[in-house]
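Student: One structure coming up, written as structure tokens, with questions to follow.
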Amino acid sequence: MSWGVMKTELQGIRAFAALSRYHSVTAAAKALNQPKSTISRRLAQLETELGQALFIKQGSRLMLTRAGEVFSEYCERLLTMAEESQNALQSLKQSVSGEVTMIAPPSLIRGWLRAQCHQFLDVHPQVNIRLFTEARDEYFQNEPDIVLSIGEQDLPGTWRKKTLGYWQFGLYASPDYIEQHGAPTHPNHLSAHQWLPFECDSSNTIYLSNGQEHCMAMPPISRLTSDNLLLQIDSIASGYGIGLLPTWIADNYSQAHPGNIELCMSDWYSAARPVVCYFAAGVLPLRVQTLIKALNDNAPKEWLAPRSVNKSTDSDHEKYKHMRLPPTSMTLNGVS
């Protein structure tokens with residue numbers, strides 16, 4: 424059997440798998456990113472080769488026939504074996520090629536992930552990367568190779584994970600805002616200030632710690648809220664209130680725009696959040712393995728441990744790194 428013929432038959436099996444999952448030519452075509460006519464043609468070819476009708480139409484849904492149910496039992500195994508054989512052949516060639524689909528929040532892309540993707544593509548010219556910044560349901564229908572998030576996520580399906588590092592959060596405001604409203608020195612003072620949450624959420628509860636004292640504050644939410652980190656930083660710099668920012672992002676912003684924002688209550692931080700890399704269970708294509716390794720190897724050194732607090736010891740840092748405060752919607756959470 425030639426590779427061309429085998430590839431055509433695998434495409435028919437993939438079309439069958441999508442149809443049996445979504446019960447619709449339209450949904451299957453969308454999941455495979457192919458025209459509906461292509462899906463219908465491949466199903467017809469497969470049914471001709473097998474000499475059996477695999478689906479029957481019931482209303483607007485395609486349902487498996489008895490023959491389709493029997494074939495479905497072998498379908499996933501055939502696709503898994505095909506993927507494993509392609510991975511084995513790719514490993515023998517010691518080449519990294521093909522497409523990698525990735526989902527990541529916008530807060531990770533600017534200043535880090537964008538550069539990592541460009542560098543990876545330069546080193547591996549046979550790889551294509553499809554990067555999405557929103558965790559829509561349809562993206563998971565196509566089973567992305569990698570999902571990055573700030574904090575643990577409950578993702579559909581079965582995933583393995585690797586922690587790339589930790590984000591520490593600090594309180595920031597603009598010098599003009601502090602001059603006009605005064606600088607808070609304790610979480611209890613935040614109730615007198617406008618709060619700029621990262622997410623548009625009705626809750627405004629903030630949990631902070633200095634390593635010895637743990638406090639909960641409920642400042643009034645600002646009139647301007649957003650789920651966009653860049654807009655949050657701009658709002659803080661423009662004097663609209665105080666907000667939690669990842670310290671490494673705030674430091675990079677301050678280097679590019681000195682004097683626009685400054686750290687408030689430098690001894691106080693929210694709980695560190697893990698930067699998590701999720702990837703599929705089972706054998707990973709070499710291109711995915713290589714990209715995960717590159718992301719892990721090139722994680723900023725500031726992610727390796729939380730930012731130190733004043734007059735604390737190394738043992739205090741390690742203890743605080745693993746401290747678990749109650750979760751708060753005021754910190755960046757998950758895939759946006």
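Take the position in the sequence shown, starting the count at 1, then add 423; the result is the number in this note's numbering. Glycine included, every Cβ here is placed at the ideal spot set by N, Cα and C.
Which first and last residues belong to the beta strand (DSSP E) in which residue 570 is found?
Tutor: Counting from 1 along the sequence shown, the entry for residue 570 is found at position 147. Note, residue 570: beta strand (DSSP E), 569 to 573.
Student: Can you name the start and end residues of the beta strand (DSSP E) that residue 550 belongs to?
Tutor: Residue mapping note: residue 550 aligns to position 127 of the sequence shown, counting from 1. 550 to 555 is the extent of the beta strand (DSSP E) around residue 550.
Student: So what's residue 496 in DSSP terms, helix, strand or just coil?
Tutor: Counted from its first residue, the sequence shown places residue 496 at position 73. Residue state, collapsed to three classes: helix.
Student: Strictly by DSSP, which residues pair up with residue 528?
Tutor: If you number the sequence shown from 1, residue 528 lands on position 105. In the DSSP output, where bridge partners are listed per residue, residue 528 has none listed.
Student: Would you call the CB atoms of residue 446 and residue 501 closer than 8 angstroms?
Tutor: In the sequence shown, counting from the first residue as 1, residue 446 sits at position 23. In the sequence shown, counting from the first residue as 1, residue 501 sits at position 78. Cβ distance not < 8 angstroms, so residue 446 and residue 501 don't count as in contact.
Student: Below 8 angstroms between beta carbons: does that hold for residue 574 and residue 669?
Tutor: Taking the first residue of the sequence shown as 1, we reach residue 574 at position 151. Taking the first residue of the sequence shown as 1, we reach residue 669 at position 246. Not in contact: residue 574 and residue 669 (Cβ atoms no closer than 8 angstroms).
Student: When DSSP labels each residue in this structure, what does residue 640 get in the three-state scheme?
Tutor: Residue numbering aside, residue 640 sits at position 217 when the sequence shown is read from its first letter. In this structure, residue 640 counts as strand in the three-state DSSP scheme.
Student: Please report the straight-line C-alpha distance between residue 460 and residue 582, rounded to a whole angstrom.
Tutor: As a working mapping, residue 460 is identified with position 37 in the sequence shown. As a working mapping, residue 582 is identified with position 159 in the sequence shown. Whole-angstrom Cα-Cα distance: 33 angstroms.
Student: Assign residue 474 to buried or exposed, taking buried as 16 or more other Cβ atoms, counted over all protein chains shown, within 10 Å of its Cβ.
Tutor: Taking the sequence shown and counting its residues from 1, one reaches residue 474 at position 51. So residue 474 ends up on the exposed side.
Student: Around the C-beta of residue 437, are 16 or more other C-beta atoms found within 10 angstroms, so that it is buried, or is it exposed?
Tutor: Stepping through the sequence shown from its first residue, residue 437 is reached at position 14. Residue 437 is buried by the Cβ-count criterion.
Student: Flag this pair as yes or no: are the beta carbons of residue 726 and residue 634 separated by less than 8 angstroms?
Tutor: On the sequence shown, position 303 is the one that residue 726 refers to. On the sequence shown, position 211 is the one that residue 634 refers to. No. Outside cutoff.
Student: Going by DSSP, which residues form a beta bridge with residue 669?
Tutor: Residue numbering aside, residue 669 sits at position 246 when the sequence shown is read from its first letter. For residue 669, which the question treats as bridged, DSSP gives the partners 592.
Student: By a C-beta neighbour count over all protein chains shown, 10 Å radius and 16 as the cutoff for buried, is residue 449 buried or exposed?
Tutor: Here the question's residue 449 lines up with position 26 in the sequence shown. Exposed, because fewer than 16 other Cβ atoms sit within 10 Å of the Cβ of residue 449.
Student: Just the C-alpha distance for residue 454 and residue 543, rounded to the nearest angstrom, thanks.
Tutor: Sequence index remark: in the sequence shown, residue 454 carries index 31 (1-based). Sequence index remark: in the sequence shown, residue 543 carries index 120 (1-based). Going from the Cα of residue 454 to the Cα of residue 543 covers about 27 angstroms.
Student: Nearest CA to the CA of residue 551: which residue from 720, 710, 717?
Tutor: Position 128 of the sequence shown, counted from the first residue, corresponds to residue 551. Nearest C-alpha to residue 551: 710.
Student: Where DSSP assigns a beta bridge to residue 703, which residues make up the other side?
Tutor: Working through the sequence shown from its first residue, we reach residue 703 at position 280. DSSP output for residue 703 lists 582 as bridge partner(s).
Student: Is the beta carbon of residue 491 sitting closer than 8 angstroms to the one on residue 468?
Tutor: In the sequence shown, residue 491 corresponds to position 68, counting from 1. In the sequence shown, residue 468 corresponds to position 45, counting from 1. No; because the gap between Cβ atoms is not below 8 angstroms, this pair is not in contact.
Student: Please confirm if the stretch 604 to 613 is in contact with the stretch 685 to 692, defined as three or more CB-CB distances below 8 angstroms between the two stretches.
Tutor: With the cut-off at 8 angstroms, the stretch 604 to 613 and the stretch 685 to 692 touch.
Student: Go to residue 630, then tell me how far its alpha helix (DSSP H) extends in each direction, as first and last residue.
Tutor: If you number the sequence shown from 1, residue 630 lands on position 207. Taken as a continuous stretch (DSSP letters only), residue 630 belongs to no alpha helix (DSSP H), being part of the beta strand (DSSP E) at 629 to 632.
Student: Between the C-alpha atoms of residue 720 and residue 466, what's the straight-line distance to the nearest angstrom?
Tutor: As a first step, residue 720 is located in the sequence shown; it is residue number 297 there, counting from the start. As a first step, residue 466 is located in the sequence shown; it is residue number 43 there, counting from the start. Going by the C-alpha atoms only, they are around 44 angstroms apart.
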